[in-house]
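In the numbering used here, the protein residues as written are 41 to 144. Structure first, commentary second.
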Amino acid sequence: MKAIEVTDNTFDTEVLQAEGKVLVDMWAPWCSPCRMMAPVIDDIAAEYDGSLKVCKLNVDENPEISSRYGVMSTPTLMLFENGQVAGKMVGFKPKEEIVRELGV
Numbered sequence: 041m042k043a044i045e046v047t048d049n050t051f052d053t054e055v056l057q058a059e060g061k062v063l064v065d066m067w068a069p070w071c072s073p074c075r076m077m078a079p080v081i082d083d084i085a086a087e088y089d090g091s092l093k094v095c096k097l098n099v100d101e102n103p104e105i106s107s108r109y110g111v112m113s114t115p116t117l118m119l120f121e122n123g124q125v126a127g128k129m130v131g132f133k134p135k136e137e138i139v140r141e142l143g144v
């Protein structure tokens, strides 16, 4: 399964109301590290389908959510667990490091 695109309008339903762990990739189209991270995020979404929900949020098109969570740099990965922030990583990270931080 690929990552789900979320927006300011769908974030609360898709992320905060979801049960279990949700990884949100906050990215921008002009960001080179974000483009490098995209296939890594898709791999994680496919590999952990069923135990981890993976979402992507374009911060340029959705300023409300990025502002709410203080996103100042992209990519920013945020882990939510049962609607609460459980972790945050900023900058490009290799898949192994992301998976280790997720604890999945």
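From the three backbone atoms N, C-alpha and C, an ideal C-beta is built for every residue, glycine too. No experiment lies behind these values; they were computed from the predicted model shown.
Quick test of your reading: residue i and residue j, contact by CB under 8 angstroms. State the CB separation rounded to the nearest angstrom.
i    : j    : result
L92  : K61  : 5 angstroms
A68  : N98  : 7 angstroms
M118 : K133 : Going by Cβ atoms, the distance from M118 to K133 rounds to 13 angstroms, so no, they are not a contact pair.
Residue i and residue j: beta carbons closer than 8 angstroms?
i    : j    : result
K120 : V64  : Sequence check: residue 120 is Phe here, not Lys. Taking 8 angstroms as the Cβ cut-off, F120 and V64 qualify as a contacting pair.
I105 : V139 : no
Does DSSP put residue i in a helix, in a strand, or in coil?
i    : result
T116 : strand
V139 : helix
D82  : helix
V55  : helix
C34  : A query on residue 34 cannot be resolved here, the shown segment of the chain reaching from 41 to 144 and no further.
E45  : strand
Can you find the residues in the same chain that come closer than 7 angstroms, C-beta to C-beta, to residue i, ignoring five residues on each side of it along the sequence?
i   : result
C71 : T114, P115
P73 : P115, G131, F132
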